[in-house]
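**Q** For the protein sequence lines, the chains are A and B, in the order given. Once you know that position 245 of the first sequence is 245 in our numbering, the rest is easy, because the numbers rise by one and skip nothing. With the second sequence counted from 1, adding 1000 to any position gets you our numbering. Note that CB positions come from ideal geometry on N, CA and C, so glycine has one too. Quick caveat, the model's predicted, so the values are computed rather than measured. My structure is below; once you've seen it, I'll send some questions.
Protein chains: 2
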Amino acid sequence: MNTTTRKHSKHILELVKEQLRKGQLVESLVEQQAGQQAGPRQDVVRQLVHRQQLTHLDKVLKQLHPADVAWVMENLSQEDRLLVWHMQLGTRGGVILLELSDSVAEQIIEDTAQSDLQKVLLQLDAEDLSYLTDLLPEALLQQRLDALTGEDKAWINQSLEYGEDSVGALMGKDMVLIREESTLKEVLRKLRSQQELPEQSDKFFVVDRRGHLSGVLTWQSLLLNQPKQRVSEVMAREVVTFNADEEASNAARAFERYDLVSAPVVNSRGRPIGRLTVDEVIDFVRDDISEDALNSAGIKSEEDLFAPVWHSARNRWLWLSLSLLTVFVASRVIGLFEATIAQFVALAALMPIVAAIGGNTGNQTTTLVVRGLALSQIDSSNVKHLVRKELLLSILNGVVWGSVVGLFAYLFYFDLILSGVISLAMVLTLFLAAVLGLAIPLTLQAMDRDPALGAGVLVTALTDSLGFFIFLGLAAIFMQP
Amino acid sequence: MNTTTRKHSKHILELVKEQLRKGQLVESLVEQQAGQQAGPRQDVVRQLVHRQQLTHLDKVLKQLHPADVAWVMENLSQEDRLLVWHMQLGTRGGVILLELSDSVAEQIIEDTAQSDLQKVLLQLDAEDLSYLTDLLPEALLQQRLDALTGEDKAWINQSLEYGEDSVGALMGKDMVLIREESTLKEVLRKLRSQQELPEQSDKFFVVDRRGHLSGVLTWQSLLLNQPKQRVSEVMAREVVTFNADEEASNAARAFERYDLVSAPVVNSRGRPIGRLTVDEVIDFVRDDISEDALNSAGIKSEEDLFAPVWHSARNRWLWLSLSLLTVFVASRVIGLFEATIAQFVALAALMPIVAAIGGNTGNQTTTLVVRGLALSQIDSSNVKHLVRKELLLSILNGVVWGSVVGLFAYLFYFDLILSGVISLAMVLTLFLAAVLGLAIPLTLQAMDRDPALGAGVLVTALTDSLGFFIFLGLAAIFMQP
């Protein structure tokens, strides 16, 4: 319950690494000696040293919060990571596994013996297990689930049904329900009879006789009011509640907006079925946005910095092959105009400018639209306003930057027609980039697809090819050899 | 204290918009009639209708949480936004201002009369004011600050000194300090004597006789232990504390890792000077990452979707001019090889491929390194490992994608030397892209600059130019006319 941890993460990592380094140093010394005069004695020494090293390391690890052990493991090479893991798994492998990032947890589970994993799983209750169902080997999970009793089994079966990014997947099982007709004194007695109260509870959920949520009682009201008073007299009646199949991002926004610490999750009849807490929400927010950022750089999922090269390659290749495909198309667009380029080779040097600026402005529009959609800031009533503004801005951009580029072209090639062509191409490309930057995410959204995933790639790819086509096409029309 | 809010934000927005629409509809009807037979009667009717509309709107707004009013305002056109604002500012303009995003708040402050702003500022205490110091007009702020009393004045002067992204800028003033020698009964009495307890308090801060933080008491321990016991007997002694000048991102990570709800901020002598709460942390996390995402698309700061075109243009031009500069350089690099391109016009069509894939792979590396640095996952002990892995991956990528591109080139131009040149160019460019993708963020970090801000732009720009140079240079060397 109490926070019994230190905060200097860097210091923690240094400590562990020092122990690991010491061990390696001594081991390599022993190995050198062993090379000189090999014998069974060296083996004994080496084992002794190794054991001593492990004892020291164990001492350091034991003082760490499980979240810190997980963090340390994420920052160690695979070999050291497994060493630390095997020292800890017997006592608190379960909690550590929960704290590890998915990519590292997956790796660890792969490299752990079946029997060790079984030990670890026994440390976890139904709620914890429900967070790990995606990562654990099917057979092992089933075996553990079979051993669960009625209520726990029901909980986990239920939670398997919720979508990955739903409130149901994030909610916890532990909550304190109190009856509205109880007095505060009775509530206090009930609470005192429990050995532990759920963490991150700023309020208790109040239910009526039929078990429906009728309000919440904060611990402040519990403490500050007279023990004789009834819960129904001092509870708050208006409560922010969630449904289990609601999107987690909605809940996250509500937590941010109303500064919530915990909130009840209710079923369709208004009965509390679980509890959402701010620690889960904050993890969700971080993962959610950080995933978007990685995706936009073409990295499929969270990448373990110390994963083998092959893992990383697979993680990044989907995007690279996609981007190759689009640039092949752009290349063929240029190919259409090879005759024109052969006559005016300056076109080759200037064409990347049109494509690059087109891609950039299109991307700016898309980023804003995707963000606006994610925050539900864009709807049918204001989309017209937004479209008008972005198109206006793109014309302004086209004229301003088109002139700048035209001037640049003139300074290098002293060809007024070429300058005119590139300026006009900029105006047209930037306008079309804005059209695409608006249309693509809005269409994806209307098709119920995630605009954050595909929009950026599509916009860049299309504006590139379009930019080349417009610029070279205009040149082919207006420039005479 | 109690959460007395609804959660269906979309519904809320619809409600407000409906009122606004109704008003417009009736007004335009009146206007039509007025056009037919103008006269003073129409004016009276219009005013009546307008007043009625405002009354309805006022009713809807009054039921909303200030955070919801702020959200509604962010999603209205400027005109409607100001209408809502002026209806609310007299009663709770201060809280709403606090909840608005910076860009919208700025706009609103600009469009509000001095005298109205003064009214709004009077609704805010020192702590709230400290969050708004950057946005308010200097003179007005000074005037308000002069009216503050001793302790409040000291607080705000102190908080002006903390950096924008420091713990000090996020921390709040309200906290409950209790003495370690008190009994729980005394603590309860003290708490009951206060009318309100600070929100988001899961724990009270315990100080010794000299006022130094000696532990924390959770409300759970307060409730579950015997009233006779002393605080020092039941408090937790190991506490996660922060310093005011620490980076807020460090604190955010600690909140995530240890699932904190609140934590004390202490001065160098260990005295509590403020309190950090999870609601501030969650807002910080959201702003922090979302800002990074916008920056990486070349949008300087959070952009108000309904801001005038000029505002948006200024917000995006810094990046566009930067990107123009880099593409001008790339254009000049191509210019160097115009003679070669004139001979082999296929080069013009193929060169964007090398540059684009180079830019993409370089960016993937940079994104991972920037993220690893932000999460403190990268340090001197593992940087070698990371460099080795990324370079190996880049060679693998170069060989694989170089072959694909070489094959593509051969299928279109049936020129083995050209195929060889582009394959080799891919290998070299991808390797150099990885080198730059690693070196640039690591160097920026070593120079104490934020790698998230400049690294992406620099890497893309350099690999573009480098890709063109390597490909065209190799072509100039190996291809004979």
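Does Leu1213 of chain B come out as helix, strand or coil in the three-state DSSP assignment?
**A** Strand at Leu1213 of chain B.
**Q** How big is the Cα-Cα spacing for Lys17 of chain A and Arg1275 of chain B?
**A** Cα to Cα, the separation comes out at about 33 Å.
**Q** Could you have a look at Val72 of chain A and say whether DSSP puts it in helix, strand or coil?
**A** In the structure shown, Val72 of chain A sits in a helix (DSSP, three-state: H, G or I).
**Q** Out of B:His1011, B:Asn1360, B:Ala1339, B:Glu1110, which has the shortest C-alpha to C-alpha gap to Leu1136 of chain B?
**A** It is B:Glu1110.
**Q** Within a Cβ cutoff of 6 Å, which residues of the same chain sit near Met1073 of chain B, ignoring the five residues on either side of it in sequence?
**A** Closer than 6 Å at Cβ, skipping near neighbours: Arg1081, Val1084.
**Q** Cβ of Glu180 of chain A within 8 Å of Cβ of Ser232 of chain A?
**A** Yes, the pair counts as a contact, with Cβ atoms nearer than the cut-off.
**Q** State yes or no: is the C-beta of Leu472 of chain A within less than 8 Å of the C-beta of Thr361 of chain A?
**A** Cβ distance not < 8 Å, so Leu472 of chain A and Thr361 of chain A don't count as in contact.
**Q** Which residue comes first and which comes last in the alpha helix (DSSP H) that contains Ser394 of chain A?
**A** Unbroken alpha helix (DSSP H) run through Ser394 of chain A: 383-413.
**Q** Run the CB neighbour count on Glu1246 of chain B, radius 10 Å, all protein chains shown included, and call it buried at 16 or more, exposed below.
**A** Glu1246 of chain B comes out buried.
**Q** CA-CA distance, Arg1449 of chain B and Leu1373 of chain B?
**A** Using only the alpha carbons, I get a separation of about 12 Å.
**Q** Given 8 Å as the limit, is there contact between the region 1247-1255 of chain B and the region 1266-1275 of chain B, that is, 3 or more CB pairs closer than that?
**A** Output reads no: the region 1266-1275 of chain B does not touch the region 1247-1255 of chain B.
**Q** Got a sec? Which residues, its chain only, sit under 6 Å from Phe204 of chain A by beta carbon, not counting five neighbours each side?
**A** So the qualifying residues of the chain are Val176, Ile178, Leu217.
**Q** Would the beta-carbon of Gly93 of chain A fall within 8 Å of that of Gln52 of chain A?
**A** No, they are not a contact pair.
**Q** Closer than 7 Å, Cβ to Cβ, to anything on chain A: give me those residues from the region 1321-1333 of chain B, in chain order.
**A** Listed by position along the chain: Ser1323, Leu1324, Val1327, Phe1328, Ala1330, Ser1331.
**Q** Against chain A, does Ile964 of chain B count as a neighbour if the rule is that its beta carbon must be under 8 Å from one of theirs?
**A** This structure does not reach residue 964 of chain B, given that chain B is present from 1001 up to 1481, and the question cannot be answered.
**Q** At a CB-CB cut-off below 8 Å, which residues of chain A make contact with Trp1071 of chain B?
**A** Simply Arg257.
**Q** Within 10 angstroms of the Cβ of Val1044 of chain B, are there 16 or more other Cβ atoms? Answer buried if so, exposed if not.
**A** Flag for Val1044 of chain B reads exposed.
**Q** Any beta carbon of chain B sitting closer than 8 Å to that of Thr463 of chain A?
**A** Not closer than 8 Å to any Cβ of chain B, the Cβ of Thr463 of chain A fails to qualify, so no.
**Q** Against Arg1192 of chain B, what residues of chain A qualify as contacts under a CB-to-CB distance less than 8 Å, listed in chain order?
**A** Leu223, Leu224, listed in chain order.
**Q** For Ala38 of chain A, count neighbouring C-beta atoms within 10 Å of its own C-beta (all shown protein chains included) and say buried if the count is 16 or more, exposed if not.
**A** Because the pLDDT at Ala38 of chain A is just 49, under 50, the model does not fix this residue reliably, and the value given afterwards should be weighed accordingly. Classification for Ala38 of chain A: exposed.
**Q** To the nearest angstrom, report how far apart Lys185 of chain A and Asn1225 of chain B are at their CA atoms.
**A** Roughly 15 Å between the two C-alpha positions.
**Q** Taking only beta-carbon positions, decide if Ala1038 of chain B is within less than 8 Å of chain A.
**A** In this prediction, Ala1038 of chain B has a pLDDT of 48, which is less than 50 and means its spatial position is unreliable; what the coordinates show is noted afterwards. By this cut-off, Ala1038 of chain B is not an interface position.
**Q** Measuring only the C-alpha atoms, how far is Ile156 of chain A from Ser130 of chain A?
**A** Cα-Cα distance, rounded: 6 Å.
**Q** Please say whether Arg1230 of chain B and Gly1215 of chain B have beta carbons closer to each other than 8 Å?
**A** No.
**Q** Between the C-alpha atoms of Gln480 of chain A and Lys389 of chain A, what's the straight-line distance to the nearest angstrom?
**A** The alpha-carbon atoms of Gln480 of chain A and Lys389 of chain A are separated by roughly 38 Å.
**Q** Just the Cα atoms here: how many angstroms apart are Thr1277 of chain B and Leu223 of chain A?
**A** Rounded to whole angstroms, Thr1277 of chain B to Leu223 of chain A spans 21 Å at the Cα level.
**Q** Compute the Euclidean distance between the alpha carbons of Asp510 of chain A and Asn1243 of chain B, then round it to the nearest angstrom.
**A** Absent from the structure is residue 510 of chain A, since the part of chain A shown begins at 1 and ends at 481.
**Q** So for Arg1230 of chain B, helix, strand or coil by DSSP?
**A** It is a strand residue.
**Q** How many Å lie between Val387 of chain A and Thr366 of chain A at the Cα?
**A** Each residue's Cα considered, the two are about 12 Å apart.
**Q** Are Gln377 of chain A and Asn1075 of chain B touching if we call contact CB-CB under 8 Å?
**A** Contact flag set, yes.
**Q** Which residue's Cα is closest to the Cα of Ile1357 of chain B: A:Ser423, A:Leu350, A:Leu347, A:Ser331?
**A** Among A:Ser423, A:Leu350, A:Leu347, A:Ser331, the Cα nearest to that of Ile1357 of chain B belongs to A:Ser331.
**Q** On the DSSP letters alone, give me the boundaries of the alpha helix (DSSP H) that Lys1119 of chain B sits inside.
**A** Element bounds for Lys1119 of chain B: 1114-1122.
**Q** Check whether the Cβ atoms of Ala342 of chain A and Ala1342 of chain B lie closer than 8 Å to each other.
**A** Going by C-beta atoms, Ala342 of chain A is nearer than 8 Å to Ala1342 of chain B.
**Q** Are Leu1057 of chain B and Val1069 of chain B touching if we call contact CB-CB under 8 Å?
**A** Taking 8 Å as the Cβ cut-off, Leu1057 of chain B and Val1069 of chain B do not qualify as a contacting pair.
**Q** Under 8 Å, Cβ to Cβ, is there at least one residue of chain B near Gly282 of chain A?
**A** Here residue 282 of chain A turns out to be Ile, not Gly, going by the sequence shown. Closer than 8 Å: yes.
**Q** List the residues of chain A whose Cβ lies closer than 7 Å to the Cβ of Ala1349 of chain B, in chain order.
**A** Ser331, Ile334, Gly335, Glu338, listed in chain order.
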